[in-house]
Each structure stands twice: as C-alpha cells, then as structure tokens.
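Chemist:
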Amino acid sequence: MQCLGIVKARVRLKGSKGSKEYITMVDTGAAMTVVDRKSADSIGVIYTGRKRALTSATGHKLEGEIAVVRELILEDEVLDYEKLLSVNFSEEVKEVLRKLGVDDSIILGLTTVELASFVPDTSTGRLNKVETFLFFSGLCQR
4 MQCLGIVKAR
14 VRLKGSKGSK
24 EYITMVDTGA
34 AMTVVDRKSA
44 DSIGVIYTGR
54 KRALTSATGH
64 KLEGEIAVVR
74 ELILEDEVLD
84 YEKLLSVNFS
94 EEVKEVLRKL
104 GVDDSIILGL
114 TTVELASFVP
124 DTSTGRLNKV
134 ETFLFFSGLC
144 QR
C-alpha cells in the first residue's frame with residue numbers, strides 16, 4: 004500500500020549479537036529513531052541508562068531507554084555508534100505501522116536521516132541524497 008506523504012527507507016542495524024534489515028517509515032516529526040525493545044535486544048544494543056518519553060503518531064505515550072547501536076546503515080550510508088530510543092511498542096502502534104506497509108518494530112527519526120545526508124521527499128515517498136556543506140555566517144566583507 005502506498006500512502007501519500009509517507010516516506011519509506013531501507014535500514015540495517017548492526018549490534019553485538021547480529022544485524023537486521025528493515026523497511027521503515029521516516030517520521031519527520033521525530034527527533035530520534037525509535038526501535039522496539041525486542042528487536043533492539045535481539046541485535047545487541049548498548050543501553051545508556053538514560054530514559055526518554057515521547058508521544059507516538061497514534062497519540063500513545065512511549066517511554067524507553069536511549070541505546071547505542073554499533074552501525075546504522077541508511078540506504079547505503081553508514082552511521083557508526085548511532086543513538087536510538089528503545090521502547091516497548093504497543094500492538095496498536097505495530098498495527099498502524101503494518102498498515103503503512105513498513106516494519107512494525109522501527110520508526111526512523113529525522114535527525115538520523117539528516118546525519119546520513121538525506122532529506123525526505125513526501126511527494127515521491129523516498130529519501131533524496133544531499134551534499135553536506137559548511138556554512139560560516141560570520142564570514143562577511145565590509
């Protein structure tokens with residue numbers, strides 16, 4: 004099923020116990036990537052002990068722990084030691100994700116997308132690669 008405005012991406016998470024590939028939804032309103040705790044535990048993430056809470060797109064409050072994954076590969080771009088939020092997804096959240104045609108155990112946050120030098124294109128439902136550049140606003144001539 005193709006939904007207007009939904010951006011999907013291919014992600015592989017690699018941890019100390021293994022790796023898993025997903026087709027995930029990009030949540031342009033989420034600062035962090037969120038992964039279901041069972042999935043995070045199965046690949047072997049490192050938990051930091053720091054807790055965070057957020058409200059899901061379905062309006063449900065999700066509480067979890069910040070974890071670090073050894074590699075997060077977004078499309079073909081590798082991010083080492085990426086932070087994510089490990090939560091227990093409710094069955095309702097999982098069902099919404101399945102209806103969107105994506106994996107039910109991960110939601111890709113915009114910060115992760117930007118770190119990998121992509122921007123979401125809601126008109127095509129895909130990520131577009133962008134050039135990374137530095138902007139020095141203090142370099143002005145008088």
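Here the sequence shown stands for residues 4 to 145, where the numbers follow our numbering.
Note that CB positions come from ideal geometry on N, CA and C, so glycine has one too.
The structure displayed is predicted, hence computed values, not measured ones.
1. Have a look at residue 100 and residue 92 and give me their C-alpha separation to the nearest angstrom.
2. DSSP on residue 15, reduced to helix/strand/coil?
3. Helix, strand or coil for residue 9, going by three-state DSSP, please let me know.
4. Between which residues of its own chain and residue 70 is the CB-CB distance below 8 angstroms, once the five residues before and five after are set aside?
5. Using beta-carbon positions only, say whether residue 73 and residue 18 come within less than 9 angstroms of one another.
6. Beta-carbon separation of residue 108 and residue 41 under 9 angstroms?
Modeler: Let me lay it out:
1. When rounded, the distance between both Cα atoms is 10 angstroms.
2. strand
3. coil
4. 38, 43, 48, 49, 50, 51, 86, 87, 88 and 89
5. Pairing residue 73 with residue 18 gives a Cβ-Cβ distance under 9 angstroms.
6. yes
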